[in-house]
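Protein chains: 2
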Amino acid sequence: MLDAAVELASTDGLDGLTLARLAGRLGVSKSGLFTHWPDKETLQLAVVERAREQWAERVVRPALEGRDGVRALWALHERRLAFYADEVLPGGCFFVTAQTEFDDRPGPVQDRLRAQLREWEGLMASLVRDAIRAGELRPGVSPGLLAYELDALGQGVVTRSRLLERDAAFAHARGAVLLRLRGLCVDPGLLPGS
Amino acid sequence: MLDAAVELASTDGLDGLTLARLAGRLGVSKSGLFTHWPDKETLQLAVVERAREQWAERVVRPALEGRDGVRALWALHERRLAFYADEVLPGGCFFVTAQTEFDDRPGPVQDRLRAQLREWEGLMASLVRDAIRAGELRPGVSPGLLAYELDALGQGVVTRSRLLERDAAFAHARGAVLLRLRGLCVDPGLLPGS
DNA sequence: AGAAAGTCCGACCGGTCGGTCGTATTGTTG
DNA sequence: CAACAATACGACCGACCGGTCGGACTTTCT
Numbered sequence: 000m001l002d003a004a005v006e007l008a009s010t011d012g013l014d015g016l017t018l019a020r021l022a023g024r025l026g027v028s029k030s031g032l033f034t035h036w037p038d039k040e041t042l043q044l045a046v047v048e049r050a051r052e053q054w055a056e057r058v059v060r061p062a063l064e065g066r067d068g069v070r071a072l073w074a075l076h077e078r079r080l081a082f083y084a085d086e087v088l089p090g091g092c093f094f095v096t097a098q099t100e101f102d103d104r105p106g107p108v109q110d111r112l113r114a115q116l117r118e119w120e121g122l123m124a125s126l127v128r129d130a131i132r133a134g135e136l137r138p139g140v141s142p143g144l145l146a147y148e149l150d151a152l153g154q155g156v157v158t159r160s161r162l163l164e165r166d167a168a169f170a171h172a173r174g175a176v177l178l179r180l181r182g183l184c185v186d187p188g189l190l191p192g193s
Numbered sequence: 000m001l002d003a004a005v006e007l008a009s010t011d012g013l014d015g016l017t018l019a020r021l022a023g024r025l026g027v028s029k030s031g032l033f034t035h036w037p038d039k040e041t042l043q044l045a046v047v048e049r050a051r052e053q054w055a056e057r058v059v060r061p062a063l064e065g066r067d068g069v070r071a072l073w074a075l076h077e078r079r080l081a082f083y084a085d086e087v088l089p090g091g092c093f094f095v096t097a098q099t100e101f102d103d104r105p106g107p108v109q110d111r112l113r114a115q116l117r118e119w120e121g122l123m124a125s126l127v128r129d130a131i132r133a134g135e136l137r138p139g140v141s142p143g144l145l146a147y148e149l150d151a152l153g154q155g156v157v158t159r160s161r162l163l164e165r166d167a168a169f170a171h172a173r174g175a176v177l178l179r180l181r182g183l184c185v186d187p188g189l190l191p192g193s
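Protein chains in written order, with my numbering: chain A, 0 to 193; chain B, 0 to 193.
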């Protein structure tokens, strides 16, 4: 049920997500939605939470299982690109849409999105720290900076694959991170060949 | 006049840009707007065009004057960050908002945004080619890939500086591109020291 | 069986949206 | 001074927004 809402929100935004359209898509009446959520903002918060679960299920968990350090970082990036390429969400990425929409609109929704972004970058930064500690990455690399790079390079593919040449955009997103990680890796064997 | 529209659109999006609110902000009546633009889509197109002019005036032109190659690439990035840091637009960046909003909404507005994005990345890619030809950058670097990297790393700061720690976000955006260009530069003296 | 609680519905509310229209005002031209 | 185009206006339109409300149906508990 919330999955349909996440799909709609990924294309039209959390605000463009209309109660009437969501109801129509679910085959229920608009007032029926109010049985489960008292108002739109509460529904938006539920949608944000569901999007997080979906991201954890389809990107984070499969990428991290059995991996750590640099291999986990790379798997995270590849899973992310696969999530976009498979068009799991029609709008590409819920978080890109929602963060852009709410980055200058204070309130509970922004607070939740901020916390989730912090958690996501924190995950990557901590994987970087693990990799340094394990001797996989050259010491001296800033975890926060590298997390920013990886996230920005991954995020950039969403609009670019839709507005410009799709295949080239994905190739760039993949190649950029691969180049960056290879440059920092003590043992290049941890990363795929090409 | 269109400047006010660009400002509003940078925060609320091209669709969230309401005729009534724009009229109120300009101190004119809503119907007065229809004297100049037949409908909202025409106004949106005019806003997109005005945003391009503003970007050309405040970022591209000052960055390119008297520079070329790597120095021009770096100046482009620093001008871009300054544009964001100075909060020229209350929403941070018109193009980030508009591209995210219209990347899955076909039509004349999307076509225009696509053309502008192509032009922007094309400019950077061609500067990269110039730099290679001039011997400033190591040969073998892909202009398209590097343009993607520079743009993604610059774009990422917009939402991140608003949702996370502002200063850290700008430092990351600056440091990431500086590191990347320094790694490719034959003569590091072309770039600032830190 | 019957009361209570949960679920969902259609009808409706005030407000805002993009857009139209008739009109008043203004500046220009003969 | 009169005629005319340009400009701006308030009033208004149908559509859609988020949200409310009273009633119908179903399930559960006593």
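A virtual CB, placed ideally from N, CA and C, is assigned to each residue, including glycine.
Beta carbon of residue 144 (chain A) nearer than 8 Å to that of residue 174 (chain B)
Yes, Cβ-Cβ distance for residue 144 (chain A) and residue 174 (chain B) is below 8 Å.
Measuring only between beta-carbons, confirm whether residue 191 (chain B) sits less than 8 Å from chain A.
Nearest CB-CB separation between residue 191 (chain B) and chain A: not below the 8 Å threshold.
Compare the C-beta of residue 102 (chain A) against all C-beta atoms of chain B and say whether one is closer than 8 Å.
For residue 102 (chain A), the closest Cβ of chain B is nearer than 8 Å.
Report the three-state DSSP secondary structure of residue 136 (chain B) (helix, strand or coil).
Per DSSP, reduced to three states, the secondary structure at residue 136 (chain B) is strand.
What in chain B is Cβ-close to residue 84 (chain A), meaning under 7 Å?
In chain order: nothing, as chain B lies at least about 15 Å away.
Closer than 7 Å by C-beta to residue 25 (chain A): which residues in its own chain qualify, once you throw out the five before and the five after it? Chain order, please.
Taken in chain order, the residues that qualify are 0 and 3.
N- and C-terminal bounds of the alpha helix (DSSP H) containing residue 76 (chain B):
Taken as a continuous stretch (DSSP letters only), the alpha helix (DSSP H) holding residue 76 (chain B) covers 68-84.
To the nearest angstrom, how far is the alpha carbon of residue 134 (chain A) from that of residue 186 (chain A)?
A straight-line Cα-Cα distance of about 9 Å links residue 134 (chain A) and residue 186 (chain A).
Indicate whether at least one CB of chain A lies closer than 8 Å to the CB of residue 31 (chain B).
Not flagged as an interface residue toward chain A: residue 31 (chain B), since no C-beta distance is shorter than 8 Å.
Could you compute how far the alpha carbon of residue 55 (chain A) sits from the alpha carbon of residue 88 (chain A)?
Within the model, the alpha-carbon separation for residue 55 (chain A) versus residue 88 (chain A) is close to 14 Å.
According to the neighbour-count rule (16 or more other Cβ atoms, all chains shown, within 10 Å of its Cβ), is residue 193 (chain B) buried or exposed?
Exposed.
Pull up the distance between the alpha-carbon of residue 9 (chain B) and that of residue 189 (chain A), whole angstroms please.
Going from the Cα of residue 9 (chain B) to the Cα of residue 189 (chain A) covers about 42 Å.
Which residue from B:35, B:125, B:120 and B:104 puts its Cα closest to that of residue 68 (chain B)?
Out of B:35, B:125, B:120 and B:104, B:125 has the C-alpha closest to the C-alpha of residue 68 (chain B).
Within chain B, partners of residue 158 (chain A) - CB distance below 7 Å:
Under the 7 Å cutoff, chain B gives 98, 99 and 102.
What distance in whole Å lies between the Cβ atoms of residue 163 (chain A) and residue 116 (chain B), which are believed to be in contact at a cut-off of 8 Å?
Residue 116 (chain B) to residue 163 (chain A), Cβ: 6 Å. Contact.
Residue 78 (chain A) and residue 62 (chain A): beta carbons closer than 8 Å?
Yes, the pair counts as a contact, with Cβ atoms nearer than the cut-off.
Give me the residue from A:47, A:138, A:122 and A:165 with the minimum Cα distance to residue 110 (chain A).
That would be A:47, whose Cα lies nearest to the Cα of residue 110 (chain A).
Can you list, in chain order, the stretches of the alpha helix (DSSP H) that have 4 or more residues and sit fully within the stretch 87-134 of chain A?
Counting only runs of at least 4 residues, the stretch 87-134 of chain A fully encloses the following alpha helix (DSSP H) elements, listed from N- to C-terminal order: 93-101 and 107-132.
What residue range is occupied by the uninterrupted alpha helix (DSSP H) comprising residue 4 (chain A)?
First-last of the alpha helix (DSSP H) with residue 4 (chain A): 1-15.
Is there a Cβ from chain B that is less than 8 Å from the Cβ of residue 64 (chain A)?
Not one chain B Cβ lies under 8 Å of residue 64 (chain A).
Select from B:82, B:182, B:29 and B:94 the residue whose C-alpha is nearest the C-alpha of residue 5 (chain B).
If we check each option's Cα against that of residue 5 (chain B), B:94 comes out closest.
Going by the beta-carbon positions, is the gap between residue 113 (chain B) and residue 183 (chain B) smaller than 8 Å?
Between residue 113 (chain B) and residue 183 (chain B), the C-beta gap is not smaller than 8 Å, which leaves the two residues out of contact.
Residue 23 (chain A) versus residue 159 (chain B): straight-line alpha-carbon distance, rounded
Spanning the two alpha carbons is a distance of roughly 35 Å.
By the criterion of Cβ-Cβ separation under 9 Å, what are the contact partners of residue 155 (chain A) in chain B?
Residues of chain B whose Cβ lies closer than 9 Å to the Cβ of residue 155 (chain A) are, in chain order, 147, 148, 150, 151, 152, 154 and 155.
Keeping to the same chain, check which residues put their C-beta closer than 8 Å to that of residue 72 (chain B); ignore five residues upstream and five downstream.
So the list reads 123, 126, 127, 130, 149 and 180, once near-sequence residues are dropped.
Under 8 Å between C-beta atoms, does residue 188 (chain B) make it to chain A?
Between residue 188 (chain B) and chain A, the shortest Cβ-Cβ separation is not below 8 Å.
Please confirm whether residue 124 (chain B) has its beta-carbon closer than 8 Å to some beta-carbon of chain A.
Not one chain A Cβ lies under 8 Å of residue 124 (chain B).
Sequence-distant residues of the same chain with beta carbon closer than 7 Å to residue 44 (chain A), five excluded per side
Around residue 44 (chain A): 107, 108 and 111.
Among A:40, A:90 and A:140, which one has its Cα closest to the Cα of residue 104 (chain B)?
Answer by Cα proximity: A:90.
Using a Cβ-Cβ cut-off of 8 Å, state whether residue 89 (chain B) counts as contacting chain A.
For residue 89 (chain B), the answer is yes, since a Cβ of chain A falls inside 8 Å of its Cβ.
With distance defined between alpha-carbon atoms, name the residue in B:20, B:171, B:177 and B:80 nearest to residue 58 (chain B).
The shortest C-alpha to C-alpha distance from residue 58 (chain B) to any of B:20, B:171, B:177 and B:80 is the one to B:80.
On a CA-only basis, which of A:30, A:11 and A:12 is nearest residue 19 (chain A)? Give me that one, please.
Of the candidates A:30, A:11 and A:12, the one whose C-alpha sits nearest the C-alpha of residue 19 (chain A) is A:30.
Quick check on the DSSP output: what are the complete alpha helix (DSSP H) runs of length 4 or more inside the stretch 160-187 of chain B, in order along the chain?
Within the stretch 160-187 of chain B, the runs of alpha helix (DSSP H) that reach at least 4 residues and sit entirely inside it are, in chain order, 165-183.
Can you grab the Cα-Cα spacing for the pair residue 97 (chain B) / residue 99 (chain A), in whole Å?
Roughly 10 Å between the two C-alpha positions.
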